[in-house]
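To start, the structure under review is shown below, and the notes come after it.
Numbering (the working numbering), first residue to last: 10 to 726.
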């Protein structure tokens, strides 16, 4: 495993990860090296020649033992597993930065694999200055300012090389993206000079060049000793290398002609600057074929006066007026046909004021918005057929106020809502295109309050629900969209389901289920019905299913006539869900007919589950169930004999009962029997039998069986 996976080491150590061995010899050898990579969970030989688990460290330079690698493990360093993992975690950053490490090993030519006994990051005192000076990486954003690595686009490495001829430090930047691929070469991003060896002030001086990731030149610039752009500056297109911008700077300010070009070399615009400010006068922009595109003027370095924009064929696209770079007055846009597309009106502060209108190419009004000092008063929109589409009104703060309406193209009302200062208040209604109501939601101060309703497109009610102060509070009813019959009925109290929820057949209307809810959770009995009545009952507690009974009426009839299976089913349900005494009565009747399920259930109950414990009855029922062949009872008796609880400890008897249960596929019995064979407890030690039973237990989901199997593998090596 290599650098990117170094941190995984800390996850791989636990108390049982290593076979323990004696402490290593006290003699040590020291050396200094850079780590190349680490391979985890390999094997090595301890000094007493035992095979152990260890990590292998590979180095970029030679080591005293002249081997490919040197191993390490917690024991070799004389520390705990946790301390070892913590140590490696602290070394992760210097490892990734190619730092040098001061290391000690126990031996090179003695018994066992050479082992690291300590590893430290080099300091000047520990290793000397030659091993502590290193290159550091400075991450830069798109403006060439230092940033975090995750936000960076470029990087440089410090300390910077010194240019003896220029008497300056050379700054070479690289694209981060070029280091992410498999290429052996990095892509240069820029090259310049600075007056510090670490670029600490992010200042460039002298000449500067940058390149696209394609390798083509991006821009050329010059900087004065203060780090200000000075002299000619040019930027280029990546596609063909043609000039994109050409201008000049003086002490960081644009001075002279500023020309921008299209990719084909045609001029897009020419502007003239004086000490960073654009000169007064006209400033035309052109299309690639040289035709006028935009025309505007500057006064006191700000847009001022009429401004025009044209289509490529020379027709007027837009006309407006600037006053010191602020739009004022009338702003008109045109279709290429010459017809008006839109009109906007602004006051002297540049705010919308008056009517703003938008037209179709046929000259039909499509929208009209009215403003006063930048605040919207109303808006109306129309379909192209002339039918009104929407109408809204606003208060002095620009908030929706009054009725908001929407219409279909056929003129039918689609939606109507009433607002009070941007808050819904009153009925919110929607209609289908044929005019039939779709929904009605009553609001009060922005919250639903009252009975909400919904209809299908044929006018049949599909649901209704009562709200109070924004939450469900009352009856919720749902009707079938196809048949119109009631399908669901629920009661809510303060947004929480409380009481009985009923579901009905959408064709016949007959009851399908009835479920008790308390605090939004199923709590009590849920009844499922068919055409003959109750078909299935289930009891819940805090949304957890406790027990169920299929066809309860028939079960009770069968129990009454002496059916032991029905007596057990009825008794179990009564015991868990309804009446413990009634449950005991039916369970006892079933047990008297030697129903093993009933007998074992009674044993479990008299153990103290649901009723007071009665040890005598518990053991009597347990013994009877085991004798009749209940594998759970057999495994439980075996366990009692195994641990000597409730019954005297008797390992041979424990083995007998476990064998009976295991023969019926009882996974717990397989586990205990496997451990007995593994340790020779009450049976003759037999690793093959242990493996057989533990494997069965593991397949049955007994988690401790997996650990026992791992122990068994070590025992049999």
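Just so you know, even glycine gets a beta-carbon here, dropped at the ideal spot from N, CA and C.
Coil, strand or helix - residue i by DSSP
{"i": "residue 709", "result": "coil"}
{"i": "residue 32", "result": "The predicted model places residue 32 with a pLDDT of 49, which falls under 50 and marks its position as unreliable; any figure quoted below should be read in that light. If DSSP states are grouped into helix, strand and coil, residue 32 belongs with coil."}
{"i": "residue 603", "result": "coil"}
{"i": "residue 715", "result": "helix"}
{"i": "residue 103", "result": "helix"}
{"i": "residue 617", "result": "coil"}
{"i": "residue 336", "result": "strand"}
{"i": "residue 688", "result": "helix"}
{"i": "residue 126", "result": "strand"}
{"i": "residue 590", "result": "helix"}
{"i": "residue 724", "result": "helix"}
{"i": "residue 367", "result": "strand"}
{"i": "residue 39", "result": "strand"}
{"i": "residue 243", "result": "strand"}
{"i": "residue 343", "result": "strand"}
{"i": "residue 700", "result": "helix"}
{"i": "residue 611", "result": "helix"}
Beta-carbon gap between residue i and residue j smaller than 8 Å
{"i": "residue 563", "j": "residue 599", "result": "no"}
{"i": "residue 122", "j": "residue 54", "result": "yes"}
{"i": "residue 640", "j": "residue 604", "result": "no"}
{"i": "residue 462", "j": "residue 434", "result": "no"}
{"i": "residue 614", "j": "residue 608", "result": "no"}
{"i": "residue 202", "j": "residue 227", "result": "no"}
{"i": "residue 213", "j": "residue 232", "result": "yes"}
{"i": "residue 153", "j": "residue 140", "result": "no"}
{"i": "residue 679", "j": "residue 653", "result": "no"}
{"i": "residue 411", "j": "residue 392", "result": "no"}
{"i": "residue 258", "j": "residue 280", "result": "no"}
{"i": "residue 468", "j": "residue 494", "result": "no"}
{"i": "residue 131", "j": "residue 108", "result": "yes"}
{"i": "residue 145", "j": "residue 177", "result": "no"}
{"i": "residue 571", "j": "residue 581", "result": "no"}
{"i": "residue 282", "j": "residue 295", "result": "no"}
{"i": "residue 389", "j": "residue 397", "result": "yes"}
{"i": "residue 114", "j": "residue 197", "result": "no"}
{"i": "residue 418", "j": "residue 395", "result": "no"}
{"i": "residue 638", "j": "residue 667", "result": "no"}
Residue i: first and last residue of the uninterrupted beta strand (DSSP E) it sits in
{"i": "residue 561", "result": "Run containing residue 561: none in the beta strand (DSSP E); it sits in the alpha helix (DSSP H), 561 to 569."}
{"i": "residue 380", "result": "374 to 381"}
{"i": "residue 641", "result": "Here residue 641 belongs to no beta strand (DSSP E); instead the alpha helix (DSSP H) covers 640 to 652."}
{"i": "residue 293", "result": "290 to 295"}
{"i": "residue 258", "result": "252 to 259"}
{"i": "residue 267", "result": "265 to 270"}
{"i": "residue 314", "result": "314 to 319"}
{"i": "residue 355", "result": "349 to 355"}
Residue i: first and last residue of the uninterrupted alpha helix (DSSP H) it sits in
{"i": "residue 281", "result": "Looking at the DSSP string, residue 281 is not in any alpha helix (DSSP H); the run it does join, the beta strand (DSSP E), is 276 to 283."}
{"i": "residue 624", "result": "624 to 636"}
{"i": "residue 573", "result": "573 to 582"}
{"i": "residue 134", "result": "133 to 136"}
{"i": "residue 308", "result": "No alpha helix (DSSP H) holds residue 308; the beta strand (DSSP E) holding it covers 301 to 308."}
{"i": "residue 235", "result": "First-last for residue 235: undefined, no H or E at that position."}
{"i": "residue 660", "result": "660 to 672"}
Residue i burial status per 10 Å Cβ neighbour count (16 or more: buried)
{"i": "residue 705", "result": "buried"}
{"i": "residue 353", "result": "buried"}
{"i": "residue 65", "result": "buried"}
{"i": "residue 458", "result": "buried"}
{"i": "residue 117", "result": "exposed"}
{"i": "residue 714", "result": "buried"}
{"i": "residue 531", "result": "buried"}
{"i": "residue 382", "result": "exposed"}
{"i": "residue 528", "result": "exposed"}
{"i": "residue 430", "result": "exposed"}
{"i": "residue 85", "result": "buried"}
{"i": "residue 499", "result": "buried"}
{"i": "residue 451", "result": "buried"}
{"i": "residue 481", "result": "buried"}
{"i": "residue 612", "result": "buried"}
Check: residue i C-beta below 7 Å from any heavy atom of the ligand ZN
{"i": "residue 666", "result": "No copy of the ligand ZN occurs in the structure displayed, which carries no ligand at all."}
CB contact below 8 Å: residue i versus chain D
{"i": "residue 391", "result": "Of the protein chains in this structure there is only one, and it is not chain D."}
Practice problem: Could you tell me which uninterrupted alpha helix (DSSP H) segments, each at least 4 residues in length, are contained entirely in the region 53 to 117, listed from first to last along the chain? | Solution: 83 to 86, 90 to 99, 101 to 105
Self-check item: Length at least 4, wholly inside the region 475 to 557: the alpha helix (DSSP H) runs in chain order
Solution: none
Quiz item: Taking only runs of the beta strand (DSSP E) that begin and end inside the region 157 to 214, which ones reach a length of at least 3 residues, in chain order?
Solution: The beta strand (DSSP E) runs of length 3 or more contained entirely in the region 157 to 214 are, from start to end of the chain, 163 to 167, 177 to 184, 197 to 203.
Quiz item: Whole beta strand (DSSP E) runs in the region 393 to 472 with 3 or more residues, listed along the chain?
Solution: As for any beta strand (DSSP E) of minimum length 3 sitting wholly inside the region 393 to 472, the runs are 397 to 402, 411 to 416, 422 to 429, 435 to 440, 446 to 453, 459 to 464, ordered along the chain.
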